[in-house]
Amino acid sequence: MSADMTKMASGANGWTIAAARDSLRKGEVSAVDLTMACLTAMDAGDGLNAFVHKTPELALEQARAADARIAAGDAPAMCGIPVGVKDLFAVKGVPTQAGSNILRGFRPEYESTVTTKLWEAGAVCLGKLNMDEFAMGSSNESSCYGPAVNPWKVDERKLTPGGSSGGSAAAVAADLCLAALGTDTGGSIRQPAAFCGITGIKPTYGRVSRWGVVAYASSLDQAGPMAKSVRDAAIMLGAIAGHDAKDSTSAELAVPDFEAALTGDIRGKRIGIPREYRLEGMPAEIAALWDRGMDMLRDAGAEIVDISLPHAKYALPTYYIIAPAEASSNLARYDGVRYGHRAKLAQGDGITEMYEKTRAEGFGPEVQRRIMAGTYVLSAGFYDAYYNRARKVRALIKRDFEQAFAAGIDAILAPTTPSSAFGLGEQGGADPVEMYLNDVFTVTLNLAGLPGVAVPVGLDSKGLPLGLQLIGRPWEEAALLNHAYVLERAAGFVAKPAKWW
Amino acid sequence: MSIDIDTARKVAKLSRIRVEDADLPALAEKLSSILGFMEQLKDVDVEGVEPMTSVTPMRLKRRADVVTDGNQQAAVLKNAPDAREGFFAVPKVVE
Numbered sequence: 033m034s035a036d037m038t039k040m041a042s043g044a045n046g047w048t049i050a051a052a053r054d055s056l057r058k059g060e061v062s063a064v065d066l067t068m069a070c071l072t073a074m075d076a077g078d079g080l081n082a083f084v085h086k087t088p089e090l091a092l093e094q095a096r097a098a099d100a101r102i103a104a105g106d107a108p109a110m111c112g113i114p115v116g117v118k119d120l121f122a123v124k125g126v127p128t129q130a131g132s133n134i135l136r137g138f139r140p141e142y143e144s145t146v147t148t149k150l151w152e153a154g155a156v157c158l159g160k161l162n163m164d165e166f167a168m169g170s171s172n173e174s175s176c177y178g179p180a181v182n183p184w185k186v187d188e189r190k191l192t193p194g195g196s197s198g199g200s201a202a203a204v205a206a207d208l209c210l211a212a213l214g215t216d217t218g219g220s221i222r223q224p225a226a227f228c229g230i231t232g233i234k235p236t237y238g239r240v241s242r243w244g245v246v247a248y249a250s251s252l253d254q255a256g257p258m259a260k261s262v263r264d265a266a267i268m269l270g271a272i273a274g275h276d277a278k279d280s281t282s283a284e285l286a287v288p289d290f291e292a293a294l295t296g297d298i299r300g301k302r303i304g305i306p307r308e309y310r311l312e313g314m315p316a317e318i319a320a321l322w323d324r325g326m327d328m329l330r331d332a333g334a335e336i337v338d339i340s341l342p343h344a345k346y347a348l349p350t351y352y353i354i355a356p357a358e359a360s361s362n363l364a365r366y367d368g369v370r371y372g373h374r375a376k377l378a379q380g381d382g383i384t385e386m387y388e389k390t391r392a393e394g395f396g397p398e399v400q401r402r403i404m405a406g407t408y409v410l411s412a413g414f415y416d417a418y419y420n421r422a423r424k425v426r427a428l429i430k431r432d433f434e435q436a437f438a439a440g441i442d443a444i445l446a447p448t449t450p451s452s453a454f455g456l457g458e459q460g461g462a463d464p465v466e467m468y469l470n471d472v473f474t475v476t477l478n479l480a481g482l483p484g485v486a487v488p489v490g491l492d493s494k495g496l497p498l499g500l501q502l503i504g505r506p507w508e509e510a511a512l513l514n515h516a517y518v519l520e521r522a523a524g525f526v527a528k529p530a531k532w533w
Numbered sequence: 361m362s363i364d365i366d367t368a369r370k371v372a373k374l375s376r377i378r379v380e381d382a383d384l385p386a387l388a389e390k391l392s393s394i395l396g397f398m399e400q401l402k403d404v405d406v407e408g409v410e411p412m413t414s415v416t417p418m419r420l421k422r423r424a425d426v427v428t429d430g431n432q433q434a435a436v437l438k439n440a441p442d443a444r445e446g447f448f449a450v451p452k453v454v455e
């Protein structure tokens with residue numbers, strides 16, 4: 033390794049995937065040096081509490097293999113790219129806790145399909161990233177590791193990176209890795225991406241395998257990339273998408289070349305603006321940002337069309353019935369028998385006490401609440417009134433989108449979040465519903481299964497990032513990313529958080 | 361719809377989560393708040409609407425009914441809090 037090359041690699045943790053891929057292929061940098069730059073940044077970033085389990089040895093082993101593969105030619109785009117993995121994905125032999133004490137000590141004997149695909153493509157695993165416990169939360173504060181911290185800081189307060197994929201967003205924004213894996217059940221990729229000024233896409237439900245991803249709400253969960261640019265999101269999505277026989281809801285559809293779809297040409301496309309999203313009391317800055325986004329797309333030759341999604345306002349309550357109902361069933365498996373935590377038992381305790389004590393000790397308060405809320409809405413006498421009604425409203429929410437798309441709408445533009453990042457400890461202490469309102473713009477498309485991408489568009493008056501969200505037709509992530517690419521280029525968002533950690 | 365303390369106790373029991381009596385009032389209050397938030401769904405006319413099942417009409421895949429995996433006893437038991445002689449061990453279930 034020449035001295036020049038090593039010098040070049042310092043700061044390489046700040047590169048995009050696309051830039052690193054091109055430099056790796058030209059031999060301007062090695063995967064080992066790139067990985068070392070990230071490992072150094074990761075260790076210096078402990079104040080952000082983003083990485084919760086580090087895998088430097090695995091990373092260097094994978095980086096050496098990547099260098100050999102690149103030297104041999106014909107390496108895929110993700111080869112040699114250091115990434116972080118949300119703690120929700122099973123990585124063989126690496127602690128996988130879903131941010132929960134109930135999985136303390138759990139080291140899976142298997143690998144999730146998504147991470148398998150990444151490692152097969154030559155990507156480098158830096159470690160596991162912080163998240164809300166079982167992906168239930170919008171601020172990272174329900175994590176058993178304590179919250180990850182947003183690298184953006186404008187006063188003495190520490191801000192939330194959002195959630196549940198908060199560690200992923202913080203790590204990407206702070207250049208601790210080139211990109212990260214997140215998951216999105218009600219906005220958990222897009223809201224933290226917006227809070228941290230990065231790009232994140234939730235693919236169509238069924239595009240990316242859920243096998244080996246710790247389940248929260250199985251009909252809503254979808255994994256996706258969190259990255260520094262739309263191009264990077266397209267590259268990484270291409271590596272993780274595709275049919276998987278191990279996930280019965282995985283779609284048997286070909287994966288297009290998402291990066292090749294980034295033409296920047298959206299002339300004649302029709303962009304829907306849902307009037308129901310213009311909430312009463314929407315902050316002026318969010319409304320202004322949304323208007324600016326419309327102007328950007330209009331300037332690129334798209335047509336802005338007023339549309340109606342009449343059932344959108346019921347999305348949050350629908351979500352907060354369906355998701356806890358599914359969670360109460362999915363999380364029944366944590367019983368202290370097969371893996372994870374088991375409570376110490378008193379003399380005479382039987383199996384029921386073991387379950388009850390184990391789950392009381394292992395689950396945090398928000399997870400307990402959602403399990404119990406889910407148990408309640410599924411219990412005899414309430415199943416029809418709550419759960420079945422919610423499933424029907426869900427069908428109506430999906431129908432709203434289908435009608436908009438049938439009327440010729442290509443994509444829908446909306447804010448990602450109702451505010452910029454808030455301070456840790458500022459929301460949801462007294463009333464859990466306050467925190468739930470964070471998902472108001474994101475949750476509709478999880479219910480409908482649609483793809484959505486969050487793109488950073490500007491800073492608010494405090495100097496914090498704000499994002500816009502584009503919602504696409506099912507299975508048309510390629511066209512959606514192209515719309516996002518236009519927005520990204522027009523917005524020219526290049527701000528980075530000043531390093532304080 | 362408000363959750364009283366007895367209902368909170370019952371839901372905790374059904375969920376197999378131990379909640380101390382002293383914590384039941386606070387739990388009941390938070391669950392009531394969550395369920396209160398859901399009441400607005402009662403305003404929606406869902407007459408004749410079929411519950412949503414999947415994003416695009418998709419038949420659940422079927423596979424051949426054959427053994428595809430197995431002989432992994434050590435891996436299966438590896439993470440168990442208590443495993444003995446090739447089994448998961450639990451407290452006495454039957455008197």
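Going down the list, the protein sequences come from chains W and B.
Using our numbering, you'd call the opening residue of the first sequence number 33 and step up by one each time.
Using our numbering, you'd call the opening residue of the second sequence number 361 and step up by one each time.
Note that the Cβ used here is the ideal one computed from N, Cα and C, for glycine as well.
Contacts between S393(B) and chain W, judged by CB atoms closer than 8 Å, involve D463, P464, V465 in chain order.
The beta carbon of I267(W) is closer than 6 Å to those of I49, A109, E291 in its chain, skipping five residues each way along the sequence. Nearest to G408(B) by C-alpha distance, out of V485(W), T448(W), R423(W), A100(W), is R423(W). Near chain B, meaning a CB-to-CB distance below 7 Å, the residues of the segment 424–442 of chain W are K424, V425, R426, A427, L428, K430. According to DSSP, T231(W) shares a beta bridge with A259(W). Taking the beta carbon of P349(W) as reference, the chain B residues within 7 Å of it are F397, M398, Q400, L401, listed in sequence order.
Per DSSP, the unbroken beta strand (DSSP E) holding G159(W) starts and ends at 156–161.
DSSP, read as helix, strand or coil, puts H515(W) in helix. For L384(B), the uninterrupted alpha helix (DSSP H) run begins and ends at 384–398, by DSSP. In this structure, G194(W) is the residue among L135(W), K160(W), G194(W), L56(W) with its C-alpha nearest to the C-alpha of G499(W). Under the criterion of beta carbons closer than 8 Å, S340(W) and R307(W) qualify as touching, at roughly 6 Å. The beta carbon of S411(W) sits closer than 9 Å to some beta carbon of chain B. P451(B) belongs to the set of residues whose beta carbon lies under 9 Å from a beta carbon in chain W. Setting aside the 5 residues that flank it on each side, M326(W) is surrounded in the same chain by I305, I336, L445, each with a C-beta closer than 7 Å to its C-beta; the list follows chain order. Using a Cβ-Cβ cut-off of 8 Å, N420(W) is close to P411 of chain B, given in chain order. Residue pairing from DSSP places P447(W) in a beta bridge opposite L500(W). Within chain B, Q400, L401, V404 have C-beta atoms less than 7 Å from the C-beta of Y346(W), given in sequence order.
The DSSP-derived three-state label of V204(W) is helix. Straight-line measurement puts the Cα of S362(B) at about 47 Å from the Cα of A523(W). Taking all protein chains in view, the Cβ of R136(W) is surrounded by fewer than 16 other Cβ atoms within 10 Å, so the residue is classified as exposed.
Note that the segment 90–105 of chain W touches the segment 67–76 of chain W; at least 3 beta-carbon pairs, one per stretch, sit closer than 8 Å. Put simply, of K438(B), K373(B), L420(B), S392(B) the residue whose alpha carbon is nearest the alpha carbon of E141(W) is K438(B). At a Cβ-Cβ threshold of 9 Å, L269(W) and L56(W) do not count as neighbours.
Listed along chain B, the residues sitting closer than 8 Å to T236(W) by beta-carbon distance are V415. Residue contact with chain W for R376(B): present (Cβ-Cβ distance below 9 Å to some residue of chain W). When DSSP states are grouped into helix, strand and coil, V246(W) belongs to the coil group. Taken atom to atom, the span from the alpha-carbon of T448(W) to that of Q223(W) is near 6 Å. With contacts defined as CB atoms closer than 9 Å, V181(W) and A212(W) fail to qualify as a contacting pair.
No Cβ-Cβ contact shorter than 9 Å links D216(W) with S241(W). If you draw a straight line from the Cα of D253(W) to the Cα of L120(W), it comes to about 11 Å.
Here the C-alpha atom of E312(W) lies approximately 16 Å from the C-alpha atom of D323(W).
DSSP places T72(W) in the helix class (H, G or I) of the three-state scheme. Listed by position along chain B, the residues whose Cβ is nearer than 8 Å to that of G382(W) are P451, K452, V453.
Contact annotation for L420(B) against chain W: S280, T281 [CB-CB distance below 9 Å, chain order].
Under a 10 Å Cβ-count criterion, A449(B) is classified as exposed, with fewer than 16 other Cβ atoms of the shown protein chains found around its own Cβ.
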